[in-house]
Amino acid sequence: MKIAVVSAAGKGETDRLLAETAQTLLDNGISLAGIVKEMRHTSQFENGCDMKVRVLPDGNIIQITQDLGAGSDACRLDPSAIAEAVAQVESSDMAQAQLFILNKFGPEEAAGHGFVSAIGKAGDLGIPVLVGVSPASRAEFDRFADGLAVELPTNVCSIRTWCQREIAVQV
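Going left to right, the sequence shown walks through residues 0 to 170 as numbering that gives the first Met the number 0 numbers them.
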């Protein structure tokens with residue numbers, strides 16, 4: 000499996016890098032599968048924990064967090080919305096994708112759920128995988144990737160270069 004990881008410092012920077020990379024690749028006719036953060040969405044919460052994702056390649060937008068009420072500091076991730084995003088990705092024609100992108104290997108994936116099966120399916124199809132990982136989930140991701148992941152520099156040019164190289168190898 001060809002898998003690369005992006006872990007940028009700064010809140011939202013990994014999301015920005017992956018969303019920008021995905022849009023550039025789509026604009027250049029590259030077929031993608033997976034999800035990226037919808038960067039035009041502005042969080043309603045001070046902690047920024049209010050997120051929408053864009054399903055690739057078609058662009059369906061899914062709210063993956065839930066409102067837990069004022070003052071709540073619990074995880075706002077909505078497992079049913081994550082399941083819907085996974086279902087949309089897995090029901091797409093992944094075999095046509097040239098690259099799979101996951102905005103964040105998070106708590107659901109660390110627990111063996113979420114997009115783990117989609118990543119596996121991409122690997123089985125020989126599709127390169129690009130994953131964002133936060134420091135909080137890095138140890139779990141490293142166990143999951145089992146030494147196969149390449150750490151990419153946190154700039155869009157390096158990320159794009161890796162993607163283009165892996166896509167060219169795949170063809």
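The beta carbon of each residue, even a glycine, is placed where N, CA and C say it ideally should be.
>> Measuring only the C-alpha atoms, how far is Phe140 from Gly28?
In response: 30 Å
> If you scan the stretch 45-126 from start to end, which runs of the beta strand (DSSP E) of 3 or more residues do you find wholly inside it?
Replying inline: 51-55, 60-62 and 98-104
> Nearest to Asn59 by alpha carbon, out of Phe143, Ser79, Lys36 and Asp77?
Replying inline: Lys36
>> Just to confirm the assignment, what range does the alpha helix (DSSP H) spanning Leu25 have?
In response: Glu12 to Asp26
> Thr153 to Ala3, Cα distance in whole Å?
Replying inline: 12 Å
> Would you call Ala117 buried or exposed, if buried means 16 or more other Cβ atoms sit within 10 Å of its Cβ?
Replying inline: buried
>> By the DSSP assignment, the alpha helix (DSSP H) with Glu37 in it spans what residues?
In response: Counting along the chain, Glu37 falls outside any alpha helix (DSSP H), and DSSP gives it neither H nor E.
>> I'd like the span of the beta strand (DSSP E) that includes Ala3, first residue to last.
In response: Ile2 to Val5
> Cα-Cα, which of Gln87, Val85, Ala86 and Gln62 is closest to Asp77?
Replying inline: Gln62
>> Helix, strand or coil, according to DSSP, for Ala32 in the structure here?
In response: strand
>> Taking DSSP's pairing of strands, which residues face Leu129 in a bridge?
In response: Ala3 and Ile100
> In three-state DSSP terms, what is Ala167?
Replying inline: helix
> Would Ala18 be called buried (16 or more neighbouring beta carbons within 10 Å of its own) or exposed?
Replying inline: buried
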